[in-house]
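Trainee:
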Amino acid sequence: MGTKVKKMMFILSKANIDNAYAAFIMANGARMEGIEAEIFFTFFGLEAIQKKKMDHLHVATVGNPAMHMPTMIGGLPGMEALATKMMKKEMEKLDMPPVSEFIEILSDSGCKLWACKLAYEMFHLKEDDLIDELDGILTVGDFYNRADQDGCQIVFI
Amino acid sequence: MKKVIAQTEIDVNEEGYLTDFSQWTKEIGTEIANEHNIEMTDSHWQVVDWIQNKVNEGVALSIRGIKKSGVIDIKQFYALFPGGPLKVSTKIAGVPKPKSCI
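Protein sequence lines, in the order shown, are assigned to chains A and B.
All you need for the numbering used here is the position in the first sequence, starting with 1, plus 3.
All you need for the numbering used here is the position in the second sequence, starting with 1, plus 20.
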């Protein structure tokens, strides 16, 4: 009995707050079940591990059909900030931590946190820009090599 | 479901969690811990106490709650209860398995 999943490996490529939380909650959920977890932050996903940006991720109000508002209204100044504020309030009610605290929890829980080398170079980032909890900067190949046992799952978010 | 632990018959659900906290004793907690290859120490009992108090107060358990508990930090929590710390520690504490995703 029990799950056959041994390691969950997430690739976070977006900086929308909902995408980031999906990765965090699933990675944390894995650790809580005794499953190994890793997150590879690439492209805009790197925003979630930049000290200055991580706590200012937004929900997208434009191009997001789930917002149920006309695109033009979603594009009005302040709309995205308002929607984000409302969502953060709801998340706080459910005791969901802010991004920086979530990263700390994940790291303490043994979840590995990796930055994508190519995206890191593309955005001209410096190590100082990234969180202290980062486990390293990897190539795609390095990341695949970490799927080194049966029961590894790679999920792209 | 009935189960005999530490020479006592107790009621558990299909996952082995006690369904009636009044049946819980430290001996039962110790025995459940042994089933998970955990040897109970003072630090383990501190966490179990904290969990029982929180459940008693009606507070939903989460990993963030553990972080704020002041009893233990998350690294220690994982080290003390390997293989899913909240899942294992609540089972030892004789309280229901937490339903939260965080």
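Glycine included, every Cβ here is placed at the ideal spot set by N, Cα and C.
These numbers were taken from a predicted model, which means no experiment stands behind them.
Need the endpoints of the alpha helix (DSSP H) that LYS22/B sits in, please.
Mentor: Note, LYS22/B: premise wrong, no alpha helix (DSSP H); beta strand (DSSP E) at 22-25.
Trainee: GLY81/A: which of VAL65/A, MET125/A, LYS92/A sits nearest, CA to CA?
Mentor: For GLY81/A, the nearest C-alpha among the options comes from VAL65/A.
Trainee: Just how far apart, CA to CA, sit ASP151/A and ASP145/A?
Mentor: 11 Å
Trainee: Are the C-beta atoms of PRO68/A and some chain B residue less than 8 Å apart?
Mentor: No, because no Cβ of chain B sits closer than 8 Å to the Cβ of PRO68/A.
Trainee: Closer than 8 Å by beta-carbon distance: list the chain B residues that pair up with ASP21/A, in chain order.
Mentor: Under the 8 Å cutoff, chain B gives no residues; its nearest Cβ is about 14 Å from ASP21/A.
Trainee: Can you check which of these residues, ALA122/A, PHE126/A, GLN53/A, is closest to THR142/A by C-alpha distance?
Mentor: ALA122/A
Trainee: For the 8 Å Cβ check, are there 3 or more pairs between the segment 39-52 of chain A and the segment 116-133 of chain A?
Mentor: The segment 39-52 of chain A vs the segment 116-133 of chain A: in contact.
Trainee: Can you tell me the Cα-Cα spacing of LEU133/A and PHE126/A, whole angstroms?
Mentor: 12 Å
Trainee: Are LYS117/B and GLU55/B closer than 8 Å when you measure CB to CB?
Mentor: Contact: no.
Trainee: In whole angstroms, what separates the C-alpha of LYS88/B from that of MET75/A?
Mentor: 42 Å
Trainee: So if I threshold CB-CB distances at 7 Å, which residues from the segment 9-38 of chain A count as touching chain B?
Mentor: ILE28, ASN31, GLY32, MET35, GLU36, GLY37
Trainee: Sort PHE27/A, ALA86/A, PHE43/A by Cα distance to ALA69/A and report the nearest one.
Mentor: Considering only alpha carbons, the answer is ALA86/A.
Trainee: Listed in chain order, which residues of the segment 54-86 of chain B have Cβ atoms closer than 8 Å to some Cβ of chain A?
Mentor: ALA80, SER82, ILE83, ARG84, GLY85
Trainee: Nearest to ILE108/A by alpha carbon, out of MET21/B, ILE83/B, ASN33/B?
Mentor: ILE83/B
Trainee: Taking only the alpha-carbon atoms, compute the straight-line gap between ASP21/A and LYS119/B and give it to the nearest angstrom.
Mentor: ASP21/A and LYS119/B have their alpha carbons spaced roughly 21 Å apart.
Trainee: List the residues of chain B whose Cβ lies closer than 9 Å to the Cβ of VAL112/A, in chain order.
Mentor: Reading off the sequence, residue 112/A comes out as Ser, not Val. Per Cβ cutoff of 9 Å: ILE83, ILE94, LYS95, PHE97, TYR98, PRO105.
Trainee: Quick one, are the C-beta atoms of MET35/A and LEU106/B less than 8 Å apart?
Mentor: yes
Trainee: For SER109/B, which residues of its own chain have a beta-carbon under 7 Å away from its beta-carbon, when the five flanking residues on both sides are left out?
Mentor: VAL67, VAL68, ILE71, PHE101
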